[in-house]
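Here you go:
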């Protein structure tokens with residue numbers, strides 16, 4: 002693992018006649034290929050104001066870079082009302098270091114309280130999402146002799162110590178040839194074990210229907226696909242989501258995609274497998290909500306089992322027939338409703 006290391010100095014000029022200690026924290030965000038780092042400061046107690054900020058960043062230049070526009074245009078780093086008439090100096094002093102010095106000797110320096118307030122926002126460009134993005138704060142206490150009294154540096158804990166996440170660039174679904182095809186892509190991947198594909202039919206529960214292995218670490222786009230062949234699962238609205246899982250077990254859900262499939266006619270499909278022993282699956286489709294029954298008969302016309310009876314929603318359905326108590330031979334299964342009657346033949350071989 003490679004680490005981003007931060008070394009910084011803050012000097013806060015007191016508006017009171019006594020010294021105070023200032024705490025702070027990092028807040029990070031990823032927008033596209035930009036890694037945003039916001040530094041926030043707050044008082045341990047009471048209130049005060051700050052007028053001088055001096056910061057040196059060192060970072061892993063294999064994973065991040067400083068855009069030239071950041072060095073040339075100070076608007077990339079200023080935020081809030083701290084920067085009224087300040088003197089600003091931004092220097093890119095090496096391949097992995099940038100220095101920022103801001104003096105804000107103004108009538109209204111930034112006001113600090115026990116609530117964290119953003120001081121500086123820096124934008125880095127992600128050039129390799131496979132690198133670590135951990136920020137490490139090195140605490141520093143500075144009391145320049147020409148300024149008294151001053152605020153000293155207190156507690157600055159690390160907030161962001163995870164790698165760059167798997168960034169999903171697309172997730173789509175398509176009904177094609179009695180199947181639903183799912184396609185998705187990633188921009189970058191770090192520590193990606195893979196994706197659980199989860200499905201919900203109509204308003205039912207989420208169920209895992211498959212797993213697709215990830216690429217682990219990658220800084221280039223990757224494409225994935227999954228085919229759902231089981232549409233005879235009892236409904237017409239199929240909703241999908243991805244559960245992206247890291248190697249350490251952490252996970253995150255994607256947005257959902259939805260496919261609605263409505264049969265255009267009543268149909269009783271041939272059982273599968275056929276011949277069978279001792280179980281087989283019978284599938285049927287309904288264009289509207291229908292009350293029906295499915296019965297099993299022997300070749301003498303005697304009913305040997307009532308397989309299904311009740312009201313079924315529009316969509317694709319399946320039931321399982323277990324013939325373990327019946328002898329080998331040919332059987333008839335019959336679906337019957339007020340709108341539709343159909344029979345098919347099946348063979349039991351033991």
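In the working numbering, the protein residues as written are 2 to 351.
The beta-carbon is built from N, C-alpha and C at its ideal position, and this holds for glycine as well.
Quantities reported herein were computed from a predicted structural model and do not represent experimental measurements.
N-terminal and C-terminal residue of the beta strand (DSSP E) that residue i is part of
i, result
"residue 37", "35 to 44"
"residue 1", "The structure shown does not extend to residue 1, since the chain is modelled only from 2 to 351, so the question has no answer here."
"residue 174", "169 to 177"
"residue 127", "118 to 127"
"residue 340", "That residue, residue 340, is in no beta strand (DSSP E); it is neither H nor E in DSSP."
"residue 315", "Counting along the chain, residue 315 falls outside any beta strand (DSSP E), and DSSP gives it neither H nor E."
"residue 227", "223 to 229"
Nearest-angstrom Cα separation, counted from residue j out to residue i
i, j, result
"residue 258", "residue 177", "15 Å"
"residue 173", "residue 182", "8 Å"
"residue 275", "residue 332", "11 Å"
"residue 185", "residue 226", "6 Å"
"residue 213", "residue 96", "39 Å"
"residue 330", "residue 171", "52 Å"
"residue 46", "residue 22", "8 Å"
"residue 244", "residue 197", "5 Å"
"residue 222", "residue 188", "4 Å"
"residue 35", "residue 25", "23 Å"
"residue 193", "residue 30", "19 Å"
"residue 60", "residue 218", "20 Å"
Own chain, CB closer than 8 Å to residue i, minus 5 neighbours either side, in chain order
i, result
"residue 231", "210"
"residue 261", "237, 238, 239"
"residue 208", "199, 200, 201"
"residue 300", "330, 331, 332, 333"
"residue 288", "263, 264, 265, 266, 267, 315"
Buried versus exposed call for residue i [16 or more other C-beta atoms within 10 Å across all chains shown]
i, result
"residue 199", "buried"
"residue 1", "Residue 1 lies beyond the residue range present for the chain, which begins at 2 and ends at 351; the question has no answer from this structure."
"residue 247", "buried"
"residue 342", "exposed"
"residue 40", "buried"
"residue 307", "exposed"
"residue 254", "exposed"
"residue 1", "Residue numbering for the chain in the displayed model covers 2 to 351; residue 1 lies beyond these limits and cannot be assessed."
Contacts around residue i, its chain only, beta-carbon distance under 7 Å, and the 5 residues preceding and following it disregarded
i, result
"residue 116", "43"
"residue 338", "291, 292, 293"
"residue 128", "64, 65, 66"
"residue 195", "212, 213, 214, 215, 246"
Residues near residue i by beta carbon distance below 6 Å, same chain, minus five either side
i, result
"residue 286", "264, 268, 317"
"residue 229", "181"
### Task
Would you be able to state if there are at least three C-beta pairs under 8 Å between the segment 311 to 327 and the segment 283 to 303?
A contact is defined here as three or more CB-CB pairs under 8 Å, and the segment 283 to 303 meets this definition with respect to the segment 311 to 327.
### Task
Count the C-beta pairs between the segment 271 to 288 and the segment 319 to 338 that are closer than 8 Å, then say yes if the count reaches three, no if not.
yes
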